[in-house]
Amino acid sequence: MKKSKLVLMISILSVMILSLVACGGDKESSGGKDGEVTLNFWVFGATNYEELAKEYEKENPGVKIKVKTSETDDHHNSLFTSLSAGSGAPDIAMLEIDQLDRFKEAQDRFVNLYDVGAKEVQDQYLDWKWQIGENSDGDFLFGLPTDIGPKAMFYRTDLFEEAGLPTEPDEVEALIQSKEDFIKAGQQIKEKTGKPLLDSMEMAYRAIIDGAEESFFDEEGNLLIENEGNAVRQAYDLAIELNELGLVGEYEMWTPEWGNAVNNGDFAIELGAAWLKGWMLDNAPDASGKFRIATLPTEFAGNWGGSYIAVPAETEHEEEAYEFVKWLVSPDNQLASFKSDAGLFPSSPDVYEMDEFKNTEDEFFGGQSTAQYFANAAQDISFIYKGTKYKPAHDEILNAMNNVQQQGGDPEEEWAAAVERIKDLVSR
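Using the numbering used here, the first residue of the sequence shown is number 2, and each one after it goes up by one.
And the structure:
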């Protein structure tokens, strides 16, 4: 009898132990050990955020950051789907500036970062960058600012020299101060070298559109592109004009043909954002020492790209997520991101005063210190409103330009057809 009771007790204890182990296993698989917070962080493109996340984990032993990197469109589509479904979203998400207004329609799916203390860091960032991250009433902040894409003129000194043009940055800036100067220099380059001024019609279009304070839509959602003097029409007309003058190539950005053209010097100028430097360092080795950077004419100045870090409302770790985001985009870590291979350009002007920023020299650009050119450009940018349907509308204009260049389409007919397609988008 005693032996039977002993066996029974051992059996009960065994079951209890197995149950505890099983519970422990469930806890481990759902996100960590006792007392550990796991934050899922979705990013896109090339960042140094995995390295910074590891550093944060060392400084904060109770926090684990899982970084998932995807292609830009896949990232945003997956995030939008998860938010719409109300499940599956990460604790922290990166949002690209051209996509941001699309997500603003789902304001209730995000944590208002003003509610968790973001006001205390607002003065560390550029005003225009911060404002874009707010809702239209200015009382809801979707994300803290990360990188930006202030633009400058990337030009080939060998082609400028062959064309009989100056090659020093200050001299190039003095030479090209307007659209008319730009076209005149392009015509001289084409005549002397046989090379186009720009790589594509898109780059000519972006010369104006990236700096437009209003382009396709106003903040009430009204379509503006048929208004007199509209920036989209001005940008389109510039691209058409340069194409008719033979000053643009047919190199679509990010294609192998475009990469070879950058590397080989098949066009003279790229109206590039600060992030383009990082791509050149990795992908255009034969162009090293042959590019310089100069300030763009005021009418061509603008911002192309950049991101925010948001906290979806689904998170169960709102405070921990915000603390990590605040740390990640602090001025010191924006400097680290700038110095990394990703080359993310800071949205905090505090960084522009740091010696490590000001004293950088770029061997690829002949030892030129390029950082300050972009810093100056960043501080001349104004608030830019894009709207929830900016990206598909923008793509329709690119399609129209492609039809003109590749299929011989009539510019006016292609413009009118694009406008109708955009109106259809708006009506859906």
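Yeah, the Cβ is synthetic: ideal placement off N, Cα and C, and Gly gets one too.
Exposure of residue i, with buried meaning 16 or more beta-carbon neighbours within 10 Å
i: Q125; result: buried
i: T82; result: exposed
i: K59; result: exposed
i: I423; result: buried
i: Q335; result: buried
i: D138; result: exposed
i: T48; result: buried
i: S338; result: buried
i: T316; result: buried
i: E72; result: exposed
i: N41; result: buried
i: G63; result: exposed
i: K387; result: buried
i: K278; result: buried
i: D182; result: exposed
i: K359; result: exposed
i: G195; result: exposed
Opening and closing residue of the beta strand (DSSP E) in which residue i lies
i: W43; result: V38 to F45
i: Y156; result: G144 to R157
i: V338; result: Residue identity check: residue 338 is Ser in the sequence provided, not Val. Note, S338: premise wrong, no beta strand (DSSP E); alpha helix (DSSP H) at P332 to K340.
Sheet register partners of residue i (DSSP bridge)
i: Q369; result: D363
i: E135; result: L142
i: P313; result: F111
i: E215; result: Y386
i: N400; result: N400 pairs with nothing; no bridge assigned.
i: G307; result: I149
i: V466; result: Residue numbering for the chain in the displayed model covers 2 to 429; residue 466 lies beyond these limits and cannot be assessed.
i: F346; result: I149
i: L224; result: F218
i: V249; result: L199
Distance, residue j Cα to residue i Cα
i: H76; j: F45; result: 6 Å
i: G410; j: N404; result: 5 Å
i: T256; j: D171; result: 32 Å
i: A295; j: K65; result: 43 Å
i: D159; j: K291; result: 6 Å
i: A311; j: I177; result: 40 Å
i: F365; j: L225; result: 41 Å
i: G87; j: D102; result: 19 Å
i: Y50; j: E163; result: 42 Å
i: A285; j: S428; result: 44 Å
i: W276; j: D148; result: 9 Å
i: Q380; j: G303; result: 10 Å
i: I209; j: H318; result: 42 Å
i: D431; j: L145; result: Coverage of the chain is limited to positions 2 through 429, which leaves residue 431 absent and any answer about it impossible.
i: G306; j: N228; result: 26 Å
i: T389; j: S341; result: 32 Å
i: F111; j: N231; result: 33 Å
i: F375; j: L426; result: 35 Å
i: E415; j: M202; result: 14 Å
i: A240; j: L53; result: 41 Å
i: A107; j: I93; result: 15 Å
i: T70; j: G247; result: 40 Å
i: T361; j: E413; result: 47 Å
i: A186; j: S331; result: 41 Å
i: F217; j: E37; result: 46 Å
i: K105; j: Y323; result: 19 Å
i: E215; j: A378; result: 19 Å
i: N265; j: L199; result: 14 Å
i: D287; j: P197; result: 19 Å
i: S370; j: F161; result: 20 Å
i: I398; j: K55; result: 42 Å
i: M95; j: I382; result: 22 Å
i: G134; j: G118; result: 15 Å
i: A419; j: V233; result: 12 Å
Segment limits, alpha helix (DSSP H) that includes residue i
i: Y386; result: Where Y386 is concerned, there is no enclosing alpha helix (DSSP H), given that its DSSP letter is neither H nor E.
i: M204; result: M202 to I210
i: W328; result: E319 to L329
i: I177; result: Note, I177: premise wrong, no alpha helix (DSSP H); not H, not E.
i: S428; result: P412 to S428
i: N244; result: A232 to E245
i: P350; result: P350 to Y353
Interface flag, residue i vs chain C, CB-CB below 7 Å
i: E245; result: Within the model displayed, chain C is absent; a lone protein chain is all it includes.
Distance cut-off 6 Å: residue i Cβ against heavy atoms of the ligand NAP
i: K191; result: No copy of the ligand NAP occurs in the structure displayed, which carries no ligand at all.
**Request:** Can you check the region 257–297 for any beta strand (DSSP E) of at least 3 residues that lies completely inside it and give the ranges in chain order?
**Result:** 270–274 and 292–295
**Asked** In chain order, which continuous runs of the beta strand (DSSP E) of length 3 or greater are located wholly inside the region 55–102?
**Response** 64–71 and 93–97
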